[in-house]
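So the sequence shown is numbered by the UniProt record's numbering: it starts at 1 and just counts up by one. From the three backbone atoms N, C-alpha and C, an ideal C-beta is built for every residue, glycine too. Comments concern the structure below.
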Amino acid sequence: MATNAKERLLSAAERLFYEEGIRAVGIERILSESGVGRASFYRHFPSKDDVVVEVLRRRDTLWRSWLDDRITASGRSPEELPLALFDGLAERFSASDFRGCAFINTMVETADPDSPAHRVAAAHKEKVIEVLDRLLAQAGYRDHERLARQLALLGDGAIVTALREGTPEAAVRAGGVAEVLLRAADREPVRH
Numbered sequence: 001m002a003t004n005a006k007e008r009l010l011s012a013a014e015r016l017f018y019e020e021g022i023r024a025v026g027i028e029r030i031l032s033e034s035g036v037g038r039a040s041f042y043r044h045f046p047s048k049d050d051v052v053v054e055v056l057r058r059r060d061t062l063w064r065s066w067l068d069d070r071i072t073a074s075g076r077s078p079e080e081l082p083l084a085l086f087d088g089l090a091e092r093f094s095a096s097d098f099r100g101c102a103f104i105n106t107m108v109e110t111a112d113p114d115s116p117a118h119r120v121a122a123a124h125k126e127k128v129i130e131v132l133d134r135l136l137a138q139a140g141y142r143d144h145e146r147l148a149r150q151l152a153l154l155g156d157g158a159i160v161t162a163l164r165e166g167t168p169e170a171a172v173r174a175g176g177v178a179e180v181l182l183r184a185a186d187r188e189p190v191r192h
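And the structure:
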């Protein structure tokens, strides 16, 4: 357990928000779970909304690091490397604590696209698209930006489907569709 009050607050909030939802968890619950007092909470965060934003920023950093690790560890060829996303999602969907995507969940709960939490969650999705776009561009795909958005759409659909079905199979199916898209896409010869 973290020793610093801010870290304890963030860890408790992240776990509770992911397990139960942002709206379902109040400040009192975060205080109780973290063991941090109210005065300390307000020294670190002016409001619950500020906690939500900080939790999402942390989770974004960790999630993208996780994706980078999956890409690095993948044995796939450069032209198939974007499919590492689906390999990683299958792994994640198998975890007993899988509750969907914290960013999708946030956008559903905070439906106002101008809210800070919604903007941070949407920005995370754009960063994932940027990672896919970079991989596709490096592999010589001509329409890499459009293809990156298509793969991200498949990934998000797989996340929601895995939550509904309770199985990692959605990642496998989405990965199969992504593979078909990659095979059909135009590529330039990559110069080494």
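Per-residue DSSP class, three states only, for residue i
i	result
residue 187	strand
residue 88	helix
residue 97	coil
residue 77	coil
residue 2	Note that residue 2 scores a pLDDT of 48, beneath 50, so its modelled location is shaky and nothing firm can be said.
Per-residue burial, residue i [other beta carbons within 10 Å of its own, 16 or more giving buried]
i	result
residue 66	exposed
residue 141	buried
residue 59	buried
residue 88	buried
residue 128	buried
Best match in the options for proximity to residue i [C-alpha to C-alpha]
i	options	result
residue 48	13, 180, 105, 170	13
residue 102	187, 57, 68	57
residue 21	4, 123, 40, 55	55
residue 120	105, 30, 134, 133	105
residue 43	159, 4, 126	4
residue 91	69, 79, 78	69
residue 154	134, 182, 187, 139	182
Are there three or more Cβ pairs, one per stretch, closer than 8 Å when the region 26-37 is compared with the region 3-12?
Taking 8 Å as the limit for Cβ pairs, the verdict is that the region 3-12 does touch the region 26-37.
Pairs of beta-carbons, one from the region 108-118 and one from the region 145-154, closer than 8 Å: are there three or more?
Contact fails: fewer than three Cβ-Cβ distances are below 8 Å.
Meets three-Cβ-pair contact criterion under 8 Å: the region 171-179 and the region 75-92
They touch, by the three-pair rule.
Quick check: the region 91-102 against the region 155-167, are there 3 or more CB pairs under 8 Å?
Result yes; three or more Cβ-Cβ pairs closer than 8 Å.
Contact between the region 67-77 and the region 148-159 is defined here as three or more beta-carbon pairs at a separation below 8 Å; is this criterion met?
The region 67-77 makes no contact with the region 148-159, as fewer than three CB pairs between them are under 8 Å.
Contiguous alpha helix (DSSP H) assignments of at least 4 residues, all confined to the region 21-55:
27-34, 38-44, all fully within the region 21-55.
Whole beta strand (DSSP E) elements within the region 101-185, 3-residue minimum
DSSP runs (the beta strand (DSSP E)) wholly in the region 101-185: none.
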